[in-house]
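Here's the structure we're looking at; comments come further down.
Numbering (the working numbering), first residue to last: 48 to 292.
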């Protein structure tokens, strides 16, 4: 299911939230409606956690995570880190990283298996990413943009990339990620995909300005129409991977 939401007067849902298959982070803010939109849809299945990073509300752009773990920048305080540790499921690892490109959400895009990263990301950050999030890491650009975390969004089911991504590049990315990709927009034509939406394997939240057409593309490519909030697909995929290795 794909839903519309807004943070105070902003359609940049992906700036103020981070959604994975095992937890959801939402920014501390004046807007209780924003939090309750997520809470109403997700709280039966995964924890919805109110937080900030380094005193900032733009948590979606500062953090990167999947069901295995969460990376936060070195601006995160000990208190914030402890709050996250206490709130996240026990199986989720959390680590603070020293990285010059500290808006981790802008420079890294990932699902539970693969991560695309900014070509200049620190080697040490790449190793931590591979270890904590349990992903294979590829240095990439999206339609010539180095901010891969900003211009693409993908789950374990499918993905959306910058509208100017060439077909050849889409095919290459699709085979790297092993999921179908579509070039598209959110929030009535915005190319800043990760700023305008968050998605996991059964649910997406998009900015309030997102058109019906954009929503239907999102529901289709992320296979949200018939998805259930269960780990069935994940378990099937993992058993397949195990049998192949």
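Ideal Cβ placement from N, Cα and C applies to all residues, glycine included. Being a predicted model, the structure only gives us computed values, none of them experimental.
Could you compute how far the alpha carbon of residue i sits from the alpha carbon of residue j?
i           : j           : result
residue 180 : residue 192 : 24 Å
residue 235 : residue 141 : 35 Å
residue 136 : residue 256 : 33 Å
residue 261 : residue 233 : 6 Å
residue 220 : residue 104 : 31 Å
residue 265 : residue 56  : 22 Å
residue 204 : residue 147 : 31 Å
residue 185 : residue 51  : 31 Å
residue 66  : residue 188 : 23 Å
residue 94  : residue 53  : 20 Å
residue 61  : residue 197 : 9 Å
What are the residues that DSSP puts in a beta bridge with residue i?
i           : result
residue 237 : 233
residue 57  : 54
residue 93  : Bridge partners of residue 93: none, in fact.
residue 192 : 189
residue 118 : 111, 142
Which class does residue i belong to by DSSP, given the choice of helix, strand or coil?
i           : result
residue 183 : strand
residue 63  : helix
residue 278 : Any reading at residue 278 needs caution, since the residue's pLDDT is 47, under 50, leaving its predicted position unreliable; the model's value is listed next. It is coil, neither helix nor strand.
residue 106 : helix
residue 226 : coil
residue 98  : strand
residue 150 : coil
residue 251 : strand
residue 135 : coil
residue 177 : helix
residue 207 : strand
residue 272 : coil
Could you tell me if the beta carbon of residue i falls within a distance shorter than 6 Å of some heavy atom in the ligand NAD?
i           : result
residue 205 : Here there are no bound small molecules, and the ligand NAD is not part of this structure.
Thinking C-alpha only, which one of the options is nearest residue i?
i           : options            : result
residue 106 : 147, 198, 74, 158  : 74
residue 64  : 241, 159, 223, 215 : 241
residue 248 : 96, 157, 118       : 157
residue 226 : 208, 149, 132, 66  : 208
residue 121 : 258, 224, 92, 110  : 110
residue 131 : 138, 167, 98, 178  : 98
residue 113 : 223, 152, 76, 102  : 152
residue 48  : 218, 76, 72, 85    : 85
Following the continuous beta strand (DSSP E) through residue i, name the residue where it begins and the one where it ends.
i           : result
residue 163 : 161-164
residue 142 : 140-144
residue 258 : Premise fails: residue 258 is in no beta strand (DSSP E) and is neither H nor E.
residue 73  : 71-74
residue 246 : 244-246
Starting from residue i, trace the alpha helix (DSSP H) in both directions and tell me its first and last residue.
i           : result
residue 85  : 79-89
residue 168 : Here residue 168 belongs to no alpha helix (DSSP H), and DSSP marks it neither H nor E.
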